Structure formats: C-alpha cells, structure tokens
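Below: one structure, written as structure tokens.
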Amino acid sequence: MNFTILFNVFALFFATLFALGSAAPLQARDVYVPPITYPHAGTVWKIGNHHNVTWDVSNPPQNITNSIGFIELVTNGRITGPTLASNFSILLGRIEVQVPDVKPGPYQLVLFGDSGNDSPIFHITK
Ligand SMILES: *[C@@H]1O[C@H](CO)[C@@H](O)[C@H](O)[C@H]1NC(C)=O
Ligand SMILES: *[C@@H]1O[C@H](CO)[C@@H](O)[C@H](O)[C@H]1NC(C)=O
Ligand SMILES: *[C@@H]1O[C@H](CO)[C@@H](O)[C@H](O)[C@H]1NC(C)=O
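The sequence shown lines up with residues -23 to -1, 1 to 103 when you count with mature numbering (1 follows the signal peptide of the UniProt record, and there is no 0).
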C-alpha cells in the first residue's frame, strides 16, 4: 500500500513545526520509522476493547527528528475513523488504544513519527 502522498503532507507539517521550533541543524537528526509488532496478521480486535499497539524500539537513532507519534486506522489506503492515539513518545514502544466503532473488516494501523509505518492487515469485528 502506498502512503507516499500522505507522508509528504505530514513530512511538510513536521518540517514546518521543526523549522519553527528549533534552530538545530537538520542533518544532525535522524528519521525514525519503528516497525509495528502488534497487531499482526491474523489479529482480531473487537469494537470497544482496549489493546496495546506495540512497535520495535530496540535500535533508535541517536537524534530523532520528531519523537511525538500518532496512530491512525487505515482501510483501502485511506485514514478511517478517529485517531487512535496521539501525542505520545514513539520511544515508548507501546500505547493503549480503544477499538473505535467502525465498519467491521480488514484494517491496518499506521504509526506516524517522522514518517509512517503500517502494520500488517488485521481484522476488526463487532
Ligand atoms: C546528535 O546531536 C548532537 C547535538 O546536536 C550532535 O553533537 C551529535 O553529533 C548528533 N549525533 C548524531 C549521531 O547525529
Ligand atoms: C497495556 O500495557 C500496560 C503496561 O504493560 C498494562 O498495564 C495494560 O494493562 C495493558 N493494556 C491492555 C489492554 O492490555
Ligand atoms: C502532549 O503531551 C505532553 C507530555 O505528556 C503534555 O505536556 C502536553 O500537554 C500534551 N499536548 C496535548 C496537545 O495534548
């Protein structure tokens, strides 16, 4: 699935925030896109339940450009439903989310920090 356009929009957004917020040289900082480890392919989430989304933080770069993350639900390449979590440190490695009341079916999560990383396809049921 291709999120390039979406990424560019967010990259521009964060680049702007960064330019406004800091005078540190950009080249001294690193883009960090940790892979999502849960949910995985075959995971089934029931609407209303709480789950910890997890991702691999075993090898972060020294200087992360943007360490504040948010998580969106994606279906057919489009963000769907409410933002699942926002304003957390992507160095945490997990964040608890509540499954929103969306149409049951296949979904992916996208974890945004500097850029975005999508989970395997999992399922949401009633
Ligand atoms: C991280 O940032 C510090 C301070 O800006 C700099 O001295 C250091 O060289 C940077 N490290 C890397 C790996 O970019
Ligand atoms: C999420 O992880 C935290 C810390 O390990 C734990 O306290 C909490 O119960 C977990 N939530 C769920 C829904 O498993
Ligand atoms: C984001 O999180 C920080 C630290 O937990 C907190 O101080 C800040 O108020 C939060 N901002 C928003 C918009 O929720």
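Ideal Cβ placement from N, Cα and C applies to all residues, glycine included. Remember, predicted model here, so these are calculated numbers, not experimental data.
Minimum C-alpha distance to residue i - residue among the options
{"i": "residue 37", "options": "91, 61, 99, 101", "result": "91"}
{"i": "residue 28", "options": "100, 80, 75, 102", "result": "75"}
{"i": "residue 44", "options": "63, 22, 16", "result": "63"}
{"i": "residue 7", "options": "94, 40, 19, 20", "result": "40"}
{"i": "residue 69", "options": "20, 35, 26", "result": "35"}
{"i": "residue 97", "options": "10, 11, 9, 19", "result": "19"}
{"i": "residue 80", "options": "57, 9, 26", "result": "57"}
Cβ-Cβ distance between residue i and residue j below 8 Å
{"i": "residue 42", "j": "residue 49", "result": "no"}
{"i": "residue 78", "j": "residue 13", "result": "no"}
{"i": "residue 89", "j": "residue 17", "result": "no"}
{"i": "residue 22", "j": "residue 101", "result": "yes"}
{"i": "residue 15", "j": "residue 52", "result": "no"}
Supposed close pair residue i, residue j - CB separation, criterion 8 Å
{"i": "residue 82", "j": "residue 65", "result": "Actually they do not touch by this definition, with Cβ atoms about 26 Å apart."}
{"i": "residue 30", "j": "residue 71", "result": "7 Å"}
Minimum Cβ-Cβ distance from residue i to chain D less than 8 Å
{"i": "residue 37", "result": "Absent from the structure: chain D. Only one protein chain is present."}
Near ligand 5: residue i beta-carbon under 7 Å from a heavy atom
{"i": "residue 43", "result": "With respect to ligand 5, the structure offers nothing, as its ligand set consists of ligand 1, ligand 2 and ligand 3."}
- [ ] For ligand 2, enumerate in chain order all residues having a CB closer than 7 Å to any of its heavy atoms.
- [x] 27, 28, 29, 71, 73
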